[in-house]
Amino acid sequence: MGTTIKTNVGNCARCGGDHDGLEFTPFARPVVLAQSAGIAAVTHWALCPVTGEPIMLHIVSDEVQPQISLEGVLDAAYASETNVQISCFFDDGWTIKLGDHINGFTATAYARDASQLAAALDVLIMAHDPDGTYTSLVLQRQG
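Just so you know, the sequence shown maps onto residues 207 to 349 in the working numbering.
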């Protein structure tokens, strides 16, 4: 499990106030979201001291991330024997699932448009199996 993070929160999404020194607890399994601004894996949570509702934390890196191609992600998923299903429905964007119809689906993410597919699939696989073969293959290609 990850490390607890203590940080300040300005303009809390739950109450609109500012909170100092909130302790964010890591999720056992990160929550993967697809947003119009990009793909995010929410890794930590804390409770708003005013409302008692959860505040979710997404850590943003200052490092420039290499551009990842859909072809590269699909090739790495195939090589690591990760079953993937990608589908779309008019006005509903893209649905990405890990698993299959025989063994079941274990994780799902959504992308608003095709330009987000590679990042959404990459984040989904890494969040679902961070120590797996897929992650090793991607790190080898980057290194």
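Glycine included, each C-beta is placed from N, C-alpha and C at the ideal position.
Practice problem: For the region 272-283 and the region 317-331, state whether three or more C-beta atom pairs, one from each stretch, are separated by less than 8 Å. | Solution: The region 272-283 is in contact with the region 317-331.
Quiz prompt | Tyr284 to Ile308 span [Cα, whole Å] | solution = One-based indexing of the sequence shown puts residue 284 at position 78. One-based indexing of the sequence shown puts residue 308 at position 102. Tyr284 and Ile308: Cα-Cα distance of roughly 17 Å.
Self-check item: Proximity below 7 Å, CB of Thr339 to CB of Tyr316
Solution: Your numbering for residue 339 matches position 133 in the sequence shown. Your numbering for residue 316 matches position 110 in the sequence shown. Not closer than 7 Å, so no.
Quiz prompt | Chain-order list of residues whose beta-carbon lies under 8 Å from that of Cys218 (same chain, five-residue window excluded) | solution = In the sequence shown, counting from the first residue as 1, residue 218 sits at position 12. Once the five neighbours on either side are set aside, the close Cβ partners of Cys218 are Asp224, His225, Cys254, Val256, Ile261.
Exercise. Round the Cβ separation of Glu180 and Thr210 to the nearest angstrom and send it over; I've been treating them as touching at under 8 Å.
Key: Past the edges of the chain, shown from 207 to 349, lies residue 180, and the structure says nothing about it.
Exercise. With Val329 as the anchor, note down where its alpha helix (DSSP H) starts and where it stops.
Key: Numbered from its first residue, the sequence shown carries residue 329 at position 123. Boundaries of the alpha helix (DSSP H) around Val329: 323-334.
Practice problem: Determine the direct distance from the alpha carbon of Lys303 to that of Asn214, and round the result to whole angstroms. | Solution: Translated into positions along the sequence shown, residue 214 becomes position 8. Translated into positions along the sequence shown, residue 303 becomes position 97. Using only the alpha carbons, I get a separation of about 35 Å.
Quiz item: Is the distance from the Cβ of Val329 to the Cβ of Ala252 below 7 Å?
Solution: Here residue 329 is taken as the residue at index 123 of the sequence shown, counted from 1. Here residue 252 is taken as the residue at index 46 of the sequence shown, counted from 1. In this structure, Ala252 does not lie closer than 7 Å to Val329 by Cβ.
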